[in-house]
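For reference, the structure is listed below as structure tokens.
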Amino acid sequence: MCGIVGVVSSNPVNQLIYDALLLLQHRGQDAAGIATSHGNKFAMHKANGLVRDVFRTRNMRSLPGNVGIGQVRYPTAGSTSEEEAQPFYVNAPFGIVLAHNGNLTNAVELKIELFKNDRRHLNTDSDSEVLLNILAHQIQEVTSGYSLDPEALFRAVAMLHRRVRGSYAVVAQIAGYGLLAFRDPYGIRPLCIGVSNTDAGVEYMIASESVALEGLGFTFLRDVEPGEALFIDLNGQLYQQQCADNPSLNPCAFEYVYLARPDSIIDGASVYLTRLKMGEYLAEKVRNQFGHGEIDVVMPIPDSSRPSAMELAQKLNLSYREGFIKNRYIGRTFMMPGQSIRRKSVRQKLNAISQEFKGKSVLLVDDSIVRGTTSREIVQMARESGAKRVIFASAAPPVQFPNVYGIDMPTRSELIAYGRSEEEVCREITADALVYQDVSAMKRSIADVNPVLKNIEASCFDGFYVTGDVTPAYLDKLETARSNTRPEAEDLLRSQLNLNLSVQSD
1 MCGIVGVVSS NPVNQLIYDA LLLLQHRGQD AAGIATSHGN KFAMHKANGL
51 VRDVFRTRNM RSLPGNVGIG QVRYPTAGST SEEEAQPFYV NAPFGIVLAH
101 NGNLTNAVEL KIELFKNDRR HLNTDSDSEV LLNILAHQIQ EVTSGYSLDP
151 EALFRAVAML HRRVRGSYAV VAQIAGYGLL AFRDPYGIRP LCIGVSNTDA
201 GVEYMIASES VALEGLGFTF LRDVEPGEAL FIDLNGQLYQ QQCADNPSLN
251 PCAFEYVYLA RPDSIIDGAS VYLTRLKMGE YLAEKVRNQF GHGEIDVVMP
301 IPDSSRPSAM ELAQKLNLSY REGFIKNRYI GRTFMMPGQS IRRKSVRQKL
351 NAISQEFKGK SVLLVDDSIV RGTTSREIVQ MARESGAKRV IFASAAPPVQ
401 FPNVYGIDMP TRSELIAYGR SEEEVCREIT ADALVYQDVS AMKRSIADVN
451 PVLKNIEASC FDGFYVTGDV TPAYLDKLET ARSNTRPEAE DLLRSQLNLN
501 LSVQSD
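Per the UniProt record's numbering, residue 1 is the first one in the sequence shown, and the count goes up by one each step.
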């Protein structure tokens, strides 16, 4: 999962992209990068770390130009190597830099094609570099001479759609021409466009979430349609065209459950309102399973579950309390590679207020339960703080299947609900009782806010993979590849975590 942004302006864009990446930091804390263009040259800086740590004043000064792209990254394919921080660059044709949010499901086959058929060398294991080279090859196929027009670009994107499988939202700069953006034909990963009318002229911003646009004074125009491509030239002229044969909108349910900021609107649905609805439907399940007086207080696990917990408490006429305080300088534990690192970081991230727990029957509400590490530690913290009974409720259904579309949960053995009943999961997290949201209720929560969203990509909950190319054999290979690369990622993140802790202690 990543956050991407692209800007075309009449003014320097380095600060604007930096600020947009700060607003998208929740989508990735592993690495950050910015590439700008001035004339026919690119300037780029990228490295592992948070946005505020990657970019110093000297780095910002080295990023001139009125067009640029940026990305914050959490790795789902490849590794945590700094070489795989984005954007990626290829020099031909024309010169292209690209940033990608998503995950390609046929990346291995494409790598073979790129070498055997297209004679292209790849220097990393990132599927984003694969995507960049596919785009570059298709642009080369549709152009002749030294000129490039929007129609040729749209033909190239159409050809790319026919070759590439999986999820992808993309922003790319083409040296001397402008900014290209496109979205996969299933619309799995989000992408939207906004505009700002300044004294110097019209500015456009394309970003993963609307919060990046609104937070920087841009007016939200619309979401990029599934399969659609946009091109903004250096004069600020916007071109748009549908490039997929049979596009369909299938936004990822986990964006609404956890990934996106609550103040974003994705494909016409407010993330905040969908989470309220999840709390409303979850309240009905709780009402049916527990009698009056069995629950004293409702508490959220900050932050994503807060809207659902508030709505649940209101619907059941129960007290709502903040029993856990979050340390905002520790990364999101779901996004940390390695169980041991997640377990260590939970208690560094959350601290319990014992006065709220002592002698009470507590209903803890979380947005989801993925690996169970965080949930188990939180239940233990509640007990240690004096809770007489701990009931755990998940605003999302059981995560039983791998996600292959850009979320870091590709291994079945890592999912606590895989192959286990709800009662077994309850015992694993050491809760007294467990309540899960129903899959149908979760989907209704999103469709209630925007009835257009009838098809929700919910493969990690229901096992249906919309791209049609994910088989049990594919998942087996994915798990084998992940198990072979995990130690390197864990070692790197462990060193980063220890460094952060030493800085805090100082």
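By construction, the Cβ of each residue, glycine as well, lies at the ideal position given by its N, Cα and C atoms.
Predicted model only: the values in this text are computed from it and were never measured.
DSSP state of residue i mapped onto helix, strand, coil
i, result
"Phe182", "strand"
"Pro300", "strand"
"Arg58", "helix"
"Tyr272", "helix"
"Ala47", "strand"
"Leu350", "strand"
"Leu221", "strand"
Closest Cα partner of residue i within the set the options
i, options, result
"Pro302", "Tyr18, Ser368 and Lys285", "Ser368"
"Val439", "Pro398, Thr411 and Val449", "Pro398"
"Asn40", "Val346, Asn123, Gly65 and Arg389", "Gly65"
"Leu350", "Lys326, Val365 and Arg371", "Lys326"
"Ala393", "Glu428, Pro300, Glu129 and Val470", "Pro300"
"Pro87", "Asn106, Ile174 and Arg52", "Ile174"
"Ala158", "Leu135, Tyr146 and Gly166", "Leu135"
"Ala244", "Phe254, Arg261, Ile17 and Glu225", "Glu225"
"Val8", "Val54, Gly419, Gly102 and Leu179", "Leu179"
"Asp184", "Pro472, Tyr146, Thr105 and Lys443", "Thr105"
"Leu478", "Asn103, Ile4, Glu428 and Ala47", "Asn103"
"Asp199", "Ala447, Leu273, Val449 and Ser10", "Ser10"
"Lys360", "Ile232, Asp296, Cys460 and Leu273", "Asp296"
Distance between residue j and residue i (C-alpha atoms, nearest Å)
i, j, result
"Val298", "Leu318", "7 Å"
"Met335", "Asp462", "No answer about Met335 holds up, because its pLDDT of 49 lies below 50 and its placement is not dependable."
"Phe218", "Leu434", "43 Å"
"Glu384", "Asp432", "14 Å"
"Cys252", "Gly468", "15 Å"
"Val37", "Ala181", "Reading the sequence as shown, one finds Ser at residue 37 and not Val. In a straight line, the C-alpha of Ser37 is about 16 Å away from that of Ala181."
"Leu191", "Gly6", "11 Å"
"Leu113", "Lys285", "First, the residue type needs correcting, since residue 113 is Glu and not Leu in the sequence shown. If I take the Cα positions, the gap works out to 50 Å."
"Val449", "Leu259", "18 Å"
"Leu160", "Leu110", "11 Å"
"Ile265", "Glu209", "7 Å"
"Gln355", "Phe324", "11 Å"
"Leu453", "Lys443", "9 Å"
"Leu216", "Ile206", "12 Å"
"Tyr18", "Asn288", "48 Å"
C-beta atoms of residue i and residue j nearer than 8 Å
i, j, result
"Leu131", "Val170", "yes"
"Gln71", "Ala32", "yes"
"Arg155", "Val142", "yes"
"Met44", "Val97", "yes"
"Gly386", "Arg189", "no"
"Phe220", "Gly194", "yes"
"Gly95", "Val13", "no"
"Arg73", "Cys2", "yes"
"Ala395", "Met310", "no"
"His100", "Tyr146", "no"
"Ser308", "Arg275", "yes"
"Ala283", "Leu316", "yes"
"Leu230", "Gln242", "no"
"Arg482", "Leu415", "no"
"Gln29", "Leu16", "no"
"Asp267", "Leu249", "yes"
Beta bridge counterpart(s) of residue i as assigned by DSSP
i, result
"Gln25", "Paired residue(s): none; Gln25 is not in a bridge."
"Asn250", "Note: Asn250 sits in no beta bridge, so no partner."
"residue 508", "Only positions 1 to 506 of the chain appear in this structure, which leaves residue 508 out of reach."
"Ser37", "Phe42 and Val67"
"Cys426", "Note: Cys426 sits in no beta bridge, so no partner."
"Gln242", "Glu228"
"Ser394", "Asp366 and Tyr436"
"Cys460", "DSSP, once it has assigned bridges, lists no residue as partnering Cys460."
"Asn103", "Ser167"
"Gln173", "Val97 and Leu179"
"Ser361", "Arg389"
"Arg73", "Cys2 and Ala31"
"Tyr204", "Val8 and Val195"
"Tyr320", "Val298"
"Asp233", "Gly178"
"Ile265", "Ser270"
"Phe88", "Leu98"
Distance cut-off 7 Å: residue i Cβ against heavy atoms of the ligand HEM
i, result
"Gln380", "With respect to the ligand HEM, the structure shown offers nothing to examine, as it has no ligands at all."
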